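In what follows, a structure is listed as structure tokens, so that the remarks can point back to it.
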Amino acid sequence: MPFIVELIISLLIVIGGLFLLVGSFGMLKLRDLLPRLHAPTKASTVGVGGVLIASMLYFWVERGHFTIHELLITLFIFLTAPITANLIAKAYMLLNVDPHSDLPPSKQNEGWATFDPVGPEGYDPSEEYQEKEN
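Using full-length UniProt numbering, read the sequence shown as starting at 1 and increasing by one per residue.
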């Protein structure tokens, strides 16, 4: 294997490992849920992507054929991590945020999408928050 390819693979593994380390450190040190979501979805996604791309490059150079497994795993992680973080953040907001006092005005007629009434009966999630306070 040529030296330049070994160097590129090594750099991808080291950079991926550093991003994974930063993501793990963020999970340990950050106290609240929303900042904790930032660490694994951003840093760890790039870290795992770097390691998987290094693996793909290694087997392409070593065996002479391109494997698509690592690429599919990388794409799956890049697609699912932000969506999962968004759903967890919305669930957190519905449980812990009062839309009348904790959020700025939306400057539109509709309001904030997470807190808009749902369903034909006009269910308003903010009513549950007000009931918890009483």
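Think of the CB as a built atom: it goes at the ideal place given N, C-alpha and C, for glycine as much as any other residue. Keep in mind the model is a prediction, meaning the values are calculated, not measured.
Buried or exposed (CB count within 10 angstroms, at least 16 for buried), residue i
i           : result
residue 190 : One cannot answer for residue 190 here, as it falls past the ends of the chain, which runs 1 to 134.
M56         : buried
E70         : buried
I4          : exposed
P40         : buried
T74         : buried
V46         : buried
DSSP state of residue i mapped onto helix, strand, coil
i    : result
P99  : coil
L30  : coil
K107 : coil
P40  : helix
P2   : coil
Alpha-carbon to alpha-carbon, residue j and residue i
i    : j    : result
K90  : T67  : 37 Å
I9   : F59  : 11 Å
K29  : S101 : 28 Å
V22  : D32  : 17 Å
V51  : G16  : 5 Å
L18  : R36  : 18 Å
P2   : S24  : 33 Å
K42  : L87  : 15 Å
L34  : G64  : 44 Å
A113 : L72  : 32 Å
I53  : F76  : 13 Å
N96  : L103 : 12 Å
F78  : H38  : 14 Å
Integer Cβ distance of residue i from residue j, believed to fall under 8 Å
i   : j   : result
L12 : S44 : Going by Cβ atoms, the distance from L12 to S44 rounds to 15 Å, so no, they are not a contact pair.
Which runs of the beta strand (DSSP E) at least 3 residues long sit entirely within the stretch 55 to 100? Give them in chain order.
none
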